[in-house]
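Quick note, the numbering used here runs 1 ahead of the 1-based positions in the sequence shown.
Right, one structure below, let's go through it.
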Amino acid sequence: MSNAYSELVARISGGEGLTRDEAQSLLSTEDGQDFALIEAASALRRQEFRNVIAIHTEDEELAEALGTRSISIDSYEILDISQDIDSHELADRMVALGAGKSTGITVKLPQQAVPMTLMRILSVLRLAAPDKVIHLPEGYEESLRSLASLAMHIVSAITITDDIERWPLVNETLKALRHGGIVIAGSGSRDALAGYLAYLSELGVDLMGHREARGSACGSVDGGGCCGGHESESAASSGGCGCGSGGCGSDSVSTEQHAHSEGGCCGGHESAQPVETPKPAASDGCGCGSGGCGSA
Numbered sequence: 002m003s004n005a006y007s008e009l010v011a012r013i014s015g016g017e018g019l020t021r022d023e024a025q026s027l028l029s030t031e032d033g034q035d036f037a038l039i040e041a042a043s044a045l046r047r048q049e050f051r052n053v054i055a056i057h058t059e060d061e062e063l064a065e066a067l068g069t070r071s072i073s074i075d076s077y078e079i080l081d082i083s084q085d086i087d088s089h090e091l092a093d094r095m096v097a098l099g100a101g102k103s104t105g106i107t108v109k110l111p112q113q114a115v116p117m118t119l120m121r122i123l124s125v126l127r128l129a130a131p132d133k134v135i136h137l138p139e140g141y142e143e144s145l146r147s148l149a150s151l152a153m154h155i156v157s158a159i160t161i162t163d164d165i166e167r168w169p170l171v172n173e174t175l176k177a178l179r180h181g182g183i184v185i186a187g188s189g190s191r192d193a194l195a196g197y198l199a200y201l202s203e204l205g206v207d208l209m210g211h212r213e214a215r216g217s218a219c220g221s222v223d224g225g226g227c228c229g230g231h232e233s234e235s236a237a238s239s240g241g242c243g244c245g246s247g248g249c250g251s252d253s254v255s256t257e258q259h260a261h262s263e264g265g266c267c268g269g270h271e272s273a274q275p276v277e278t279p280k281p282a283a284s285d286g287c288g289c290g291s292g293g294c295g296s297a
């Protein structure tokens, strides 16, 4: 972390709030210091919330499987950046939210945006509201893409969907939390990922069948593919473009977890296809941008 950001963190930790001009400057300045800003926001998050993240879900059985209870977000303020908003208006809103009485802020993200830009916004919000619960609603994975796991070190609450058709995304989120050393609030020593897989099995989701049908396509759990990096029991993936932390192709996982469909880098799910033994990816990768596979 640069000296400037270290001093900013120390000042905010001492009770001095982020000014409106500072917020606007951080939002609009292209100084190549995005990761320093993220680190500063992460430091403030750890001071207030340590390594704990709260979960919101509409399904209490799902919450129980994760070893927690769903938090209520009804009283949270809303920061909607899914629509066009300039940096001046956004800075004003952030400072007001930080000074407000609400305990939490739900941030609505746009789907079509550069993930790193969204990370900058979340980081500045954390600086403006260091003691507030920052909550990401359902769908944040599509917005943040390969940076979603990095965002877990800034926000302090997320929504876990109860839509079992989207279980691979939840699976990846829980793996990212585990590998990032982030614990679900109230779960104690329980393994949230194991609990979630057991929950899916009880609902009749064929986890093994899903894995076998998807095979070793790009971004799969057990295969390599363009966005590799997952490891199977026997050998490491063949690698490829090396998408960012926690995104497509990040963590090693158990054999119980899913594989994505065939297609391009971080492609969508398609119908099951026969799978061939994966071959090493070409040395030039698939050209993932700084925001992850398919970044804007």
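Just so you know, even glycine gets a beta-carbon here, dropped at the ideal spot from N, CA and C.
Computed from a predicted structure; not experimentally measured.
query, result
"Under the three-state DSSP convention, the category Asn4 falls into", "helix"
"Spatial neighbours of Asp183 in its chain, beta-carbon cut-off 7 Å, leaving aside the 5 residues before and after", "For the record, residue 183 in the displayed sequence is Ile; it is not Asp. So the qualifying residues of the chain are Asn52, Ile54, Met153."
"Reduced DSSP category for Asp93 - H, G, I as helix; E, B as strand; rest coil", "helix"
"Validate contact between the region 105-113 and the region 5-22 using beta carbons, cut 8 Å, 3 pairs", "no"
"Beta strand (DSSP E) runs wholly inside the region 80-153, at least 3 long, in chain order", "105-109, 134-137"
"Backbone CA spacing between Val125 and Thr174 [nearest angstrom]", "23 Å"
"Beta strand (DSSP E) segments (min. 3 residues) lying fully within the region 26-61", "53-57"
"Residue nearest to Ile159 in terms of C-alpha spacing, selected from Trp168, Arg167, Ala149", "Ala149"
"Alpha-carbon spacing of Gly140 relative to Val206, whole angstroms", "21 Å"
"CA-to-CA distance, Asp163 to Ala199, given in whole angstroms", "14 Å"
"Buried or exposed by the 16-neighbour rule on C-beta atoms within 10 Å, applied to Glu203", "exposed"
"C-beta contact flag for Ser43 and Ile56 at 8 Å", "no"
"Cβ-Cβ separation, Leu19 to Gly99 (assumed contact under 8 Å), whole Å", "7 Å"
"First through last residue of the alpha helix (DSSP H) which encompasses Thr174", "168-180"
"Separation of Gln84 from Glu59, as counted between CA atoms", "26 Å"
"Under the three-state DSSP convention, the category Ile155 falls into", "coil"
"Burial state of Gln25 (16 or more Cβ within 10 Å)", "buried"
"Thr160 - partner residues in DSSP beta bridges", "His57"
"Under 8 Å between C-beta atoms of Leu1 and Val108", "It is not possible to answer for residue 1, since the shown part of the chain is limited to 2 through 297."
"Ala41 beta carbon less than 8 Å from that of Tyr77", "no"
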